[in-house]
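Number of protein chains: 2
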Amino acid sequence: MGQGEYELLWEGAASAAPRPGRGRPSGLTRERIVAEAVAIADAEGLQKVSMKHLADRLGSGVMSLYRHVPGKDELVVLMYDSLMSAPAPLPDADTWRDVLAGWGRCVRDLFLAHPWALPVATGDRPMGPGEAGWVDQVLGRLAAVGMPEGTGLLAVLTVDCFALGAVRPEIGGGESTGAFFRFLQDPAVASRFPHLAALAVAGPATNLGHFEFGLQRVLDGLEQHYGA
Amino acid sequence: MGQGEYELLWEGAASAAPRPGRGRPSGLTRERIVAEAVAIADAEGLQKVSMKHLADRLGSGVMSLYRHVPGKDELVVLMYDSLMSAPAPLPDADTWRDVLAGWGRCVRDLFLAHPWALPVATGDRPMGPGEAGWVDQVLGRLAAVGMPEGTGLLAVLTVDCFALGAVRPEIGGGESTGAFFRFLQDPAVASRFPHLAALAVAGPATNLGHFEFGLQRVLDGLEQHYGA
DNA sequence: GCTAAATAGCGTATCCCATACGCATCGATC
DNA sequence: GATCGATGCGTATGGGATACGCTATTTAGC
Chain A
12 MGQGEYELLW EGAASAAPRP GRGRPSGLTR ERIVAEAVAI ADAEGLQKVS
62 MKHLADRLGS GVMSLYRHVP GKDELVVLMY DSLMSAPAPL PDADTWRDVL
112 AGWGRCVRDL FLAHPWALPV ATGDRPMGPG EAGWVDQVLG RLAAVGMPEG
162 TGLLAVLTVD CFALGAVRPE IGGGESTGAF FRFLQDPAVA SRFPHLAALA
212 VAGPATNLGH FEFGLQRVLD GLEQHYGA
Chain B
12 MGQGEYELLW EGAASAAPRP GRGRPSGLTR ERIVAEAVAI ADAEGLQKVS
62 MKHLADRLGS GVMSLYRHVP GKDELVVLMY DSLMSAPAPL PDADTWRDVL
112 AGWGRCVRDL FLAHPWALPV ATGDRPMGPG EAGWVDQVLG RLAAVGMPEG
162 TGLLAVLTVD CFALGAVRPE IGGGESTGAF FRFLQDPAVA SRFPHLAALA
212 VAGPATNLGH FEFGLQRVLD GLEQHYGA
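As they're listed, the protein sequences go chains A and B. The opening residue of the first sequence carries number 12 in the numbering used here; numbering runs sequentially from there. The opening residue of the second sequence carries number 12 in the numbering used here; numbering runs sequentially from there.
Printed below as a string of structure tokens:
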């Protein structure tokens, strides 16, 4: 997590690219590579993103990729930030509660569409321009509807943290949760976890909609603290 | 995520081990292997947990490990559930708010102590007996202080989701956040993210304590919904 | 045009990893 | 002590990431 990681993501953020024009022009670009890698991850899982597979898809040699990305780990970071660069637009809203609700749902939708990104998000990684831009945008919205600057970040962070955690059980259509509840039917297992088992009878139905439920509780709590 | 994954984690949960006593006794055990793997992950990161490294530490041959765990992926699942099997005990509490607050802080402490576990937790994985036991325990506490059974799971889930998301920026002492704020000092970068930059001036101080802040907001929201 | 500089494409070789297979080994049972 | 059932593990295989260096393609300057 050195300064180098940041240079990778942010290069050219301040200075314009020198581009001397000399030399062979590139058919491959970092953008094409990252986009194709994201496509593979979406369709087949992050595990299947190998330099070989990626190169085959792009019709290039494996080592050519290294002219555009320093390595596999860095590629994953770039993939992640590319998701954040083009998220669904935030819906319009007149109150900060609605702004935050919209934000939370956007975060949710993003990770449901790209399940591989969740473990990446929860790993150690530098903040990229895509993510920064997205956050900056919400902060702007919050300021626009009257939330005083300086209070917004904590609120966004709180909603963001919840959304990130809450989207996990939903990935895969909640299949892991369902499988577990089915497993609890076994009396020998149920006896070891009486409280869980009691809920299993009520059924996974209670579990559905937990995202909206939790989101509203979080917003309630924020409203109580900041005033509506 | 088939039934097989569950058998791995739950084997012997219902039936006692047959243990015919015949054959060579095992020096290696699944417990020893998993414990050593956790030690490596804690000290050097999950990435450094390779079958070779692990075998060297245990003083055994690489392939011996496969007599006790089916493979690397399954090992990671076992590592994760072993963490959940021996978490810090929940502090005593008389109100469900305090029970949940204690639970949230336990979750936080656990992941701060084992940062590698966070991406594992957010990946697709089956629920193991350790995790189930932990959750069952909180549900029991909640019932004991008067929270009606049937409402507890959603509350626990909400707090859990928040805690899981919120612990992420704290891992590594918040160094990634700090590095980013330092990066925002660059005027060329700051101009692209005016709202973030405004906060960077106020300093990362606002960011510290965001876990407690968010946790209290979540609990406020739950209290408002369920009554104190 | 011609040459040199700069840059992209990529084949080969290396090293690390997970793991299938089969043999050797060891203890308990008969 | 012969057999059975389980463990310990060396070897071989197939992938993956990537360092290195050569080749090919452009443009800049003459």
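Positions of the beta carbon are idealized from the N, C-alpha and C atoms, including for glycine. Just so it is clear, the structure is predicted and the values come from calculations on it, not from any experiment.
Whose Cβ in chain B lies nearer than 9 Å to the Cβ of residue i?
{"i": "serine 96 of chain A", "result": "Near serine 96 of chain A there are no residues of chain B at all, since even the closest Cβ is about 13 Å away, more than 9 Å."}
{"i": "histidine 221 of chain A", "result": "Leu164, Leu165, Leu168, Thr169 and Cys172"}
{"i": "serine 187 of chain A", "result": "Met12, Asp135, Arg136, Pro137 and Met138"}
{"i": "alanine 112 of chain A", "result": "Within chain B, no residue comes near alanine 112 of chain A; the closest Cβ sits about 13 Å away, beyond 9 Å."}
{"i": "aspartate 147 of chain A", "result": "Arg203, Phe204, Pro205, His206, Leu207 and Ala208"}
{"i": "tyrosine 17 of chain A", "result": "Ala190, Phe191 and Phe194"}
For residue i, count neighbouring C-beta atoms within 10 Å of its own C-beta (all shown protein chains included) and say buried if the count is 16 or more, exposed if not.
{"i": "glycine 4 of chain A", "result": "Nothing about residue 4 of chain A can be reported from this structure: the residues present for chain A run from 12 to 239 only."}
{"i": "arginine 33 of chain A", "result": "exposed"}
{"i": "arginine 228 of chain A", "result": "buried"}
{"i": "arginine 78 of chain B", "result": "exposed"}
{"i": "threonine 169 of chain B", "result": "buried"}
{"i": "serine 202 of chain A", "result": "exposed"}
{"i": "serine 37 of chain B", "result": "exposed"}
{"i": "tryptophan 21 of chain A", "result": "buried"}
{"i": "glutamate 47 of chain A", "result": "buried"}
{"i": "aspartate 84 of chain A", "result": "exposed"}
{"i": "glycine 163 of chain A", "result": "buried"}
{"i": "glycine 82 of chain B", "result": "exposed"}
{"i": "histidine 221 of chain B", "result": "buried"}
{"i": "arginine 35 of chain A", "result": "exposed"}
{"i": "proline 159 of chain A", "result": "exposed"}
Is DSSP giving residue i helix, strand or coil here?
{"i": "aspartate 197 of chain B", "result": "coil"}
{"i": "isoleucine 182 of chain B", "result": "coil"}
{"i": "serine 37 of chain A", "result": "coil"}
{"i": "leucine 210 of chain B", "result": "helix"}
{"i": "histidine 236 of chain B", "result": "helix"}
{"i": "histidine 64 of chain A", "result": "helix"}
{"i": "leucine 101 of chain A", "result": "coil"}
{"i": "histidine 9 of chain A", "result": "Absent from the structure is residue 9 of chain A, since the part of chain A shown begins at 12 and ends at 239."}
{"i": "proline 242 of chain B", "result": "It is not possible to answer for residue 242 of chain B, since the shown part of chain B is limited to 12 through 239."}
{"i": "arginine 228 of chain B", "result": "helix"}
{"i": "threonine 133 of chain B", "result": "helix"}
{"i": "serine 187 of chain A", "result": "helix"}
{"i": "glycine 115 of chain A", "result": "helix"}
{"i": "tryptophan 127 of chain A", "result": "coil"}
I want to verify the contact list: residues of chain B whose CB lies under 7 Å from the CB of residue i, in sequence order.
{"i": "aspartate 109 of chain A", "result": "Within 7 Å Cβ-Cβ: nothing; aspartate 109 of chain A doesn't reach chain B, min ~16 Å."}
{"i": "alanine 143 of chain A", "result": "Phe204 and Leu207"}
{"i": "leucine 150 of chain A", "result": "His206 and Leu207"}
Which residues in chain A sit within 7 Å of residue i, going by Cβ to Cβ distance?
{"i": "arginine 228 of chain B", "result": "Thr169, Val229, Gly232, Leu233 and His236"}
Check your understanding: With contact counted as at least three CB pairs below 8 Å, one residue from each stretch, are the region 51–65 of chain A and the region 105–117 of chain A in contact?
Key -> The answer is no - the region 105–117 of chain A does not touch the region 51–65 of chain A, with fewer than three Cβ pairs under 8 Å.
Practice item. Give a yes or no on contact between the region 190–197 of chain B and the region 223–233 of chain A, applying the rule of three or more CB pairs nearer than 8 Å. Key: These segments do not touch.
Exercise for review: State whether the region 174–182 of chain B contacts the region 141–150 of chain B, with contact taken as three or more CB pairs (one from each stretch) at a distance under 8 Å.
Suggested key: The region 174–182 of chain B makes no contact with the region 141–150 of chain B, as fewer than three CB pairs between them are under 8 Å.
Review point. Any chance the region 45–57 of chain A sits against the region 121–138 of chain A, with 3 or more Cβ pairs inside 8 Å?
Key: Touching, yes, given that three or more Cβ pairs across the two stretches are closer than 8 Å.
Review point. Any chance the region 98–105 of chain A sits against the region 203–210 of chain A, with 3 or more Cβ pairs inside 8 Å?
Key: Touching, no, given that fewer than three Cβ pairs across the two stretches are closer than 8 Å.
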